[in-house]
Amino acid sequence: MAEVLDLDCVVVGGGVVGLAVAREIAIGGREVVLLEAEPTTGSVTSARNSEVIHAGLYYATGSLKAELCVAGKRMLYDYCRLRSVPHRNCGKLVVAASEAELGYLEKLSRQARANGVEDCYLIDAAELTRREPQIRGFAALVSPSTGLIDSHGLMQAYTADIEANGGAVVCNSPVVEGELVADRVRLSVGGRDPAIIEARLVVNAAGLNAWALSGSLLGLNAGTIPPRHYAKGCYFALTGRAPATQLIYPVPEPGGLGVHLTLDLAGQARFGPDVEWVEAIDYDVDPVRAEKFYSAIRRYWPDLADGALQPAYAGIRPKIAGPDAGGGGDFVIQGPQQTGHPAYLALYGIESPGLTASLAIAQKVAQLAA
């Protein structure tokens, strides 16, 4: 029979957001254990993205994405400097490929200001060419506070903070099922050391699996679980030197920000993600998808050579809104009032800009838990 453990706080999910939440709770003085199903933390969604520190331009004013991205960006830059997490404030350009797209840039500039992002400004084609000679466009919106981060370095720092404040991170520990009982949550944990856990607080930060975890909890009202959609995005790596020193974004598409040029901290370029709506989790990159990448990229980098793109990796974004609703949707962060149980908090749809917003999300969760 599995051992029964009495715990104060359990965070389920060891991605960047789950780690940030566990860190915040531990710093607040509570005993916290983070459970991660995989052999290592941050190996799923948190390892399969653009590693961009977003400024907060795109999101609807008043939404959680806008609020937590803008606040989280400031907190993240401060944290990276304090903890020596590798990052670079490189800036980005959102490029209008034609005069028809200029109106979108003007709208995006107004959206940014409404969200509290005060440093964006428009440049014309001549200035764009001066800054990035290989990039072509009618105009561009400059976002100086966009940056890059070593996401694994960030998660290592979060983990160190958890452990320094008395918390524990336990991998190979999938939550199989659970039950809401009185003022606690009972969880059945599988893996090499199966256990039954009863906790006074459980935070579901399981990312792609957040819906499955909530669905397995006896006593939880299924009506509290929002719709679930998966948007797969593929990335292709560039062979050769990067054509720009800043991040280059096109005008967005439904469900994503368009096939953009991003860089790693060593300056190597990759492009992505595209958007493919899927039902199952699958990280294969079909080389045929490169055909659409070439045409999308050449709208702002016309000199991209044939054969220069190689399949890199794919990620899947958990969303609460599907293609019929434009592929957007906000973060969903449910406290006890929303879940209907005093010991259960749940996070759904934590996609981009979740990494940027991780510290701000963690603060919000800790406030709801209190």
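Residue numbers (this note's numbering): 0 to 369. We treat Cβ as the ideally placed atom computed from N, Cα and C, and that holds for glycine.
(request) Tell me where the alpha helix (DSSP H) around Gln366 begins and ends. (result) 353-368
(request) Decide if Ile148 is buried, meaning its Cβ has at least 16 other Cβ atoms within 10 Å, or exposed. (result) buried
(message) If distances are taken between C-alpha atoms only, which option among Gly271, Thr244, Ala345 comes closest to Leu92?
(response) Thr244
(request) Pull up the distance between the alpha-carbon of Ala230 and that of Ala159, whole angstroms please. (result) 32 Å
(request) Using alpha carbons as the reference points, say which of Glu162, Asp123, Gln337, Ile349 lies closest to Thr223. (result) Gln337
(message) Using a 10 Å radius around the Cβ and a threshold of 16 neighbouring Cβ atoms, would you call Gly214 buried or exposed?
(response) exposed
(message) Is it the case that the segment 60-67 contacts the segment 346-363, given that we only count it when at least three CB pairs across the two stretches are under 8 Å?
(response) yes
(message) What does the alpha-carbon distance come out to for the pair Arg183 and Ala198?
(response) 6 Å
(request) Measure how close the beta-carbons of Gly326 and Gly348 come, nearest whole angstrom, since I'm counting them as under 8 Å. (result) About 11 Å; that fails the 8 Å criterion.
(message) Using only the alpha-carbon positions, how far apart do Lys363 and Leu207 sit?
(response) 20 Å
(request) Kindly indicate which residue of Leu140, Thr128, Ile134 has the alpha-carbon position closest to the one of Lys106. (result) Leu140
(message) Given a cut-off of 8 Å on the beta-carbon distance, is the pair Ala236 and Gln309 in contact?
(response) yes
(message) If we require 3 or more residues per run, which beta strand (DSSP E) segments fall completely within the segment 217-305?
(response) 228-237, 246-248, 259-262, 268-271, 275-277
(request) Mind checking which residues open and close the alpha helix (DSSP H) that includes Arg47? (result) That residue, Arg47, is in no alpha helix (DSSP H); it is neither H nor E in DSSP.
(request) Provide the residue span of the beta strand (DSSP E) that contains Asp77, from first to last. (result) Segment 63-82 is the alpha helix (DSSP H) holding Asp77; no beta strand (DSSP E) there.
(message) Rounding to the nearest angstrom, what Cα-Cα distance links Thr128 and Pro301 in this structure?
(response) 13 Å
(request) Would you check if the distance between the CB atom of Pro251 and the CB atom of Val258 is smaller than 8 Å? (result) no
(request) Throw me the rounded Cβ distance for the Ile24 and Ala368 pair, which I believe falls under 8 Å. (result) 7 Å
(request) Could you tell me which of Glu98, Gly27, Pro38, Phe330 sits nearest to Cys170, measuring between CA atoms? (result) Pro38
(message) What does the alpha-carbon distance come out to for the pair Gly13 and Pro173?
(response) 11 Å
(request) Output the distance between the C-alpha atoms of Arg227 and Gly115, rounded to the nearest integer angstrom. (result) 30 Å
(request) Measure the alpha-carbon distance for Gln133 versus Ala268 and round it to whole angstroms. (result) 14 Å
(request) Please name the residue, chosen from Arg47, Gly166, Ile196, that lies closest to Ser150 on a Cα-to-Cα basis. (result) Arg47
(message) Rounding to the nearest angstrom, what Cα-Cα distance links Asp7 and Gly41 in this structure?
(response) 23 Å
(request) Look at the Cβ atom of Gln110, then the Cβ atom of Thr60, and state whether they are nearer than 8 Å. (result) yes
(request) Please name the residue or residues paired with Ile148 in a DSSP beta bridge. (result) His86
(message) What ranges does the beta strand (DSSP E) occupy inside the segment 128-189, keeping only unbroken runs of at least 3 residues that lie completely in it?
(response) 138-142, 146-148, 167-169, 174-180, 183-188
(request) Reducing DSSP to helix, strand and coil, say where Glu197 ends up. (result) strand
(request) For my contact list, Ala21 and Leu4 are in at a C-beta cut-off of 8 Å; report their separation, rounded to the angstrom. (result) Their Cβ separation, rounded to whole angstroms, is 16 Å, which puts Ala21 and Leu4 out of contact at 8 Å.
(message) With distance defined between alpha-carbon atoms, name the residue in Leu121, Val188, Val84 nearest to Gly102.
(response) Leu121
(request) State the Cα-Cα distance for the pair Phe375 and Gly239, rounded to the nearest angstrom. (result) Nothing can be reported for residue 375, as the shown portion of the chain is limited to 0 through 369.
(request) Pull up the CB-CB distance for Val11 and Asn203, whole angstroms please, since I reckon it's below 8 Å. (result) 5 Å
(request) Quick one: residues in its chain with C-beta nearer than 6 Å to the C-beta of Pro322, no 5 flanking neighbours on either side, listed in chain order? (result) Trp276
(request) Name the one or two DSSP bridge partners that Ile24 has. (result) According to DSSP, Ile24 bridges with nothing at all.
(request) Would you list the residues sitting across from Val116 in a DSSP beta bridge? (result) Answer is none; Val116 lacks a bridge partner.
(request) Report back the beta-carbon spacing between Gly232 and Gly339 to the nearest angstrom; my notes put them in contact at under 8 Å. (result) In fact, because the Cβ distance is near 34 Å, the residues do not count as touching under 8 Å.
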